[in-house]
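Read through the structure below, which is laid out as structure tokens, and then see the notes.
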Amino acid sequence: MSLIDEADTVQRAISGDHEAVANLLEHYAPLLRRRLAGRIDTRWQGILSDDDVLQETYIDVFLGISDFVPKGEHAFLRWITTLARNNLLDAVKGLQTLKKGRGHHRVLGAVDGDSSIDLLNMLGGTVTSPSLDAARREANRMLKAAISKLPEADAAVVRQYDLEGRPIAEVADSLGCSQGAVFMRRSRAHQRLREILGSSSHY
């Protein structure tokens with residue numbers, strides 16, 4: 150793909166041409182895979198692979214391409230490389246924290262019924278109703294509306310891992326993905342939920 154073709158393809162992708170997005174990913178996939186090679190520690194290779202990182206990165210590209218602003222040569226390659234490396238960091242961070250027994254900042258109320266409130270607090274908001282029952286209802290309402298706007302694969306991670314408190318292995322098995330992919334999807338879902346819900350003053 151020449152630089153002129155690439156620039157045109159990127160613009161078409163930004164404009165919503167899914168075939169253009171696919172062409173860009175197909176073109177850069179071998180190079181992106183080489184850039185990821187050897188970055189996954191042997192401790193995690195049984196539950197996280199380069200393919201997991203690539204797959205979640207491709208989803209990020211399709212979801213975020215409309216907001217991409219190309220700057221300079223090879224801007225698209227730099228962008229997807231950053232996405233891939235951030236996804237890998239999210240996965241490893243989650244797996245490391247899970248191994249230490251802290252549940253990757255697990256929602257604390259998943260057992261006692263206040264998981265919606267705890268998730269809102271984790272996302273940076275607060276629920277200020279004087280009544281716990283009213284606060285729980287309001288948190289459930291806001292989260293249900295926000296989660297409904299997520300891609301289903303990401304929404305399922307939030308429901309199962311954050312709100313229902315299921316073990317990571319069970320969530321991964323339910324969704325047919327690796328444990329590392331669960332943490333990548335969770336990070337993406339949390340970021341999107343923050344954007345949907347807005348600042349704490351809007352909760």
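Note that this note's numbering has the sequence shown beginning at 150, numbered continuously upward. All C-beta atoms, glycine included, are put in the ideal place defined by N, C-alpha and C. Every value quoted in this text rests on a predicted model; they were computed, and no experiment measured them.
- Check the Cα spacing between residue 313 and each of 178, 221, 233, 264: the tightest is with 264.
- Rounded to the nearest whole angstrom, the CA to CA distance from residue 175 to residue 237 is 20 Å.
- CA-to-CA, the gap between residue 245 and residue 295 works out to about 28 Å.
- If you check the CB distance, residue 212 and residue 272 do not come in under 7 Å.
- Membership of residue 306 in the alpha helix (DSSP H) is indicated by the continuous run 301-306.
- Note that the segment 221-241 touches the segment 327-337; at least 3 beta-carbon pairs, one per stretch, sit closer than 8 Å.
- Fully enclosed alpha helix (DSSP H) runs of no fewer than 4 residues occupy 199-213, 224-248, 264-271 of the segment 196-273, in order along the chain.
- One alpha carbon belongs to residue 292, the other to residue 337, and they sit about 16 Å apart.
- Residue 189 places its beta carbon 7 Å or farther from that of residue 327.
- In terms of CA proximity to residue 268, 311 leads the group 311, 287, 247, 233.
- Straight through space, the alpha carbons of residue 299 and residue 164 are spaced by roughly 21 Å.
- The DSSP-derived three-state label of residue 344 is helix.
- Note on residue 282: under 16 other CB atoms within 10 angstroms of its CB, so exposed under the neighbour-count rule.
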